[in-house]
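Structure record follows, encoded as structure tokens.
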Amino acid sequence: MAASAKNPPDLSAPPARTRRPRVSAKGEQTRAGLIAAARTLLAGGLSERFTTRNVAALCGVSHGMCHYHFQDRTDLVLAVIEDIRPEWIHPLEEAVSAPGPFEERAGRVVELLGRPEGAELSHLHSALHWHALNDPRVRESLEAEYVRWRDCFVTLFRVLAEERGGGVDPVLLGEAVAAAVDGLAAAESLGSEVDSGPVLRTLIRTLAAGTRPGS
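Numbering (the working numbering), first residue to last: -19 to 195.
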């Protein structure tokens, strides 16, 4: 007790950091492999084959190892949704947020969206939509991704609103363009030969021109 009184704890010292459990590199590699296997099965269009057992088999690990990383197949689908984010949302966010006036940013967006979507990503989106219809957790997660994706177009028109000093409803215009992009993507997935680049460029320019004062 005397020793404690002579040397009280230093309350000004920062608290000791709690050590987080380290995740082994092998564990991260296994998890990534399971997500890759899940992507392969989902993109294959055979939803009946998308089970944790089949994902584990394709990855070359035990079924128990799959459940060590993912509780069920819904967890796997959610991981795939997160895994593809850098392939379709991040590039759009970067195109909109990079410096430049509205016209320049819109040009980057049109150029990006005018590129054909890869077959795997297209099939994955279709599979994810199917799972969203049958699983509320998937639906909530996928809708959150689309909210983030649509917000890119709203952000684009906010730039226009700042340049014009008013008279622009960025939410209405952004959502309109997002809906058009969805429609074009659906048409392309069915084999339509619509050239989305010129269509989007015309749409964005027309909407922007229609917001000029006195128009």
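Think of the CB as a built atom: it goes at the ideal place given N, C-alpha and C, for glycine as much as any other residue.
Among the candidates the options, whose CA atom is the shortest distance from the CA of residue i?
i      : options                      : result
Asp55  : Ser102, Ser121, Val76        : Ser121
His103 : Leu21, Ile15, Gly13, Leu14   : Leu21
Val41  : Glu67, Gly25, Ala12          : Ala12
Thr10  : Glu123, Tyr48, Gly154        : Tyr48
Gly145 : Thr182, Phe82, Leu170        : Phe82
Val134 : Leu113, Gly44, Asp149, Arg65 : Asp149
Leu152 : Glu28, Ala188, Leu72         : Ala188
If you run the structure through DSSP and keep just helix, strand and coil, what is residue i?
i        : result
Glu97    : coil
Ala(-15) : Note that Ala(-15) scores 44 on pLDDT, short of 50, meaning its location in the model is unreliable; the coordinates nonetheless yield the value given after this. In the structure shown, Ala(-15) sits in a helix (DSSP, three-state: H, G or I).
Thr31    : coil
Gln51    : coil
Asp149   : coil
Gly87    : helix
Ala78    : coil
Go through its chain and collect everything with a Cβ distance to residue i's Cβ below 6 Å, but skip five positions before and after it.
i      : result
Ala18  : Val35, Leu56, Val60
Glu143 : Phe82
Can you tell me where the alpha helix (DSSP H) holding residue i begins and where it ends?
i      : result
Glu123 : 116 to 144
Glu173 : Run containing Glu173: none; DSSP gives neither H nor E here.
Pro66  : 65 to 68
Ala12  : 5 to 23
Taking 7 Å as the limit between beta carbons, can you name the residues of its chain near residue i, skipping five residues before and five after?
i     : result
Asp52 : Thr32
Cys46 : Leu14, Thr32, Val35, Ala36
Glu67 : Leu101
Phe30 : Leu21, Leu22, Arg53
Spatial neighbours of residue i within its chain, please: C-beta separation below 8 Å, excluding the five flanking residues on both sides.
i      : result
Arg130 : Gly154, Glu155, Ala158
Arg85  : Ala75, Val76, Ala78, Leu136, Val139
Asp63  : Ile15, Arg19
For the ligand HEM, is there a heavy atom less than 7 Å away from the beta-carbon of residue i?
i     : result
Pro71 : In the structure on display, the ligand HEM does not appear, and there are no ligands present to speak of.
contact_flag[the segment 171 to 184, the segment 92 to 101] where n(CB pairs < 8 Å) is 3 or more: yes
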